[in-house]
Amino acid sequence: MGILEKNVIPGNHGKTFGTNAKEDADLSQIKNSISEIDGIVDVILNTSIFPREFTVHTSKMVAIDEIENKVKKVGFHAIPKATFTL
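Under our numbering, the residues of the sequence shown are numbered 1 to 86, in order.
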């Protein structure tokens, strides 16, 4: 696995994750939990699709494992989607 598969890199693309959270309140908890990580710029929730997704933008490299662990502490899963295509 390379650096792109293990980290969220800074920039406009961010990294999209799928989650098993369904309710808006649960997604807000996930957003607040992830926002505590150093380097997170914003978390954009996509509630119009199922399974729900969120996109994380960063100002520095942040390990995907760190994001997954924060979401697990709230009681849900975060599954990273494929790396963006060029």
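We put the beta carbon where it would ideally sit given N, CA and C, even for glycine. If you're wondering where the values come from, they're calculated on a predicted model, not measured in any experiment.
Three-state secondary structure assigned by DSSP to residue i
i          : result
residue 69 : helix
residue 32 : helix
Bridge-paired residues (DSSP) for residue i
i          : result
residue 18 : 53 and 79
residue 58 : 40
residue 63 : 7
residue 46 : 53
Of the residues the options, the one placed nearest residue i, counting alpha carbons only
i          : options           : result
residue 25 : 80, 57, 79 and 75 : 75
residue 28 : 38, 45, 37 and 39 : 45
residue 36 : 71, 23 and 11     : 71
residue 22 : 16, 41 and 48     : 48
residue 69 : 52, 82, 11 and 17 : 17
Where residue i falls, given that 16 or more other Cβ within 10 Å makes a residue buried
i          : result
residue 6  : exposed
residue 50 : exposed
residue 15 : buried
residue 41 : exposed
residue 63 : exposed
residue 3  : exposed
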